[in-house]
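Before any comments, here is the structure.
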Amino acid sequence: MMNKARKVIAFLLVLIMTAAMIPQMTLRVSADGWSNGVRVTKHDSYNKDGKFCMKFTVENSRPSFMGNTFEISTSIVNSSGKQVKYWNNTTLNAGQKATWVYPTDFSSLPSGTYTFKLSIKEFPDSYNWSWSYKINHTAPESSFSYHSYETYYTDSGKYMHRINIQTKNMKGKKLYCKLYDSKGNLVNDWGTDTSVRKTNNEIGWFAWNGYTNGKKYPSGAYTFVITSSANKKVVQKTLNLQILEEAKK
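Going by the working numbering, the sequence shown opens with residue 261, and the numbers climb by one from there.
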């Protein structure tokens, strides 16, 4: 009875010590009887320069005289299995160990669960190993704000008033704009057929020459009302616009 109790205590001590000694996740994999052919260690992930960095150490523990080479491929896929990021393949010779960092800018990706995949092929033998790591990503909130106002002449001589809008985390979203006079009357509507933001952080703009459907509007205060397909936010900017006569054709 005492021997059994000692064995139980010893087993519990081993579990406690093991749990206390896992600051990193280490995966040993084998194929067809090779028990120590490859060792993959995942280090703590971290953020640097706006990117989420994953760090791995891979060890090719085959004896160097065998001359076997590992080809290592890495990628990130979304929940649908579509690849959203990949890195060029790297190689590791027998008896070597190397560490790689894989930085990813998630700011342009929507919220969801992503999977980092690390795969190893051995040459000249045809052994294969794979490892995956789940990444839960919450996309930052989309936003936009007034940036600046400018005027310019087009090549055809039109005097344009342009309002610039700073967008953040708006990739794939649209900006909309309506223009009102000082009495609250709708003067111009750019409609819903506006361009989609191609990047997360860029300048969107709307320009008007003081004419709508051939009608010239007087100089004065006009209010630009900006909305988007991203959220219910509304940005308003009132500007005093000088409306010039268009050149006669």
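A virtual CB, placed ideally from N, CA and C, is assigned to each residue, including glycine. All of these numbers come straight from a predicted model, not from anything done at the bench.
Burial state of residue i (16 or more Cβ within 10 Å)
i	result
residue 234	The structure shown does not extend to residue 234, since the chain is modelled only from 261 through 509, so no value can be given for it.
residue 473	exposed
residue 481	exposed
residue 352	buried
residue 290	Confidence at residue 290 is low in this model, with a pLDDT of 37, below 50, so its placement is unreliable and no value can be given for it.
residue 376	buried
residue 505	exposed
Residue nearest to residue i in terms of C-alpha spacing, selected from the options
i	options	result
residue 342	369, 298, 430 and 312	369
residue 311	361, 436, 333 and 366	366
residue 307	435, 361, 299 and 414	361
residue 207	443, 497, 355 and 298	This structure gives no information on residue 207, because the portion of the chain shown stretches from 261 to 509.
residue 418	476, 392 and 461	476
residue 373	459, 397, 384 and 354	397
residue 391	489, 302, 490 and 494	302
residue 371	340, 414, 461 and 346	340
Bridge partner(s) assigned by DSSP for residue i
i	result
residue 468	421
Assigned secondary structure, residue i (DSSP; H/G/I helix, E/B strand, else coil)
i	result
residue 367	helix
residue 333	strand
residue 430	coil
residue 379	strand
residue 392	strand
residue 324	helix
residue 372	strand
residue 406	strand
residue 441	strand
beta-carbon residue i near the ligand SAH non-hydrogen atom, thresh 7 angstroms
i	result
residue 308	Absent from the structure shown: the ligand SAH. Ligands present: none.
Inter-stretch contact at 8 angstroms, needing at least 3 Cβ pairs: the region 415 to 426 / the region 464 to 473: yes
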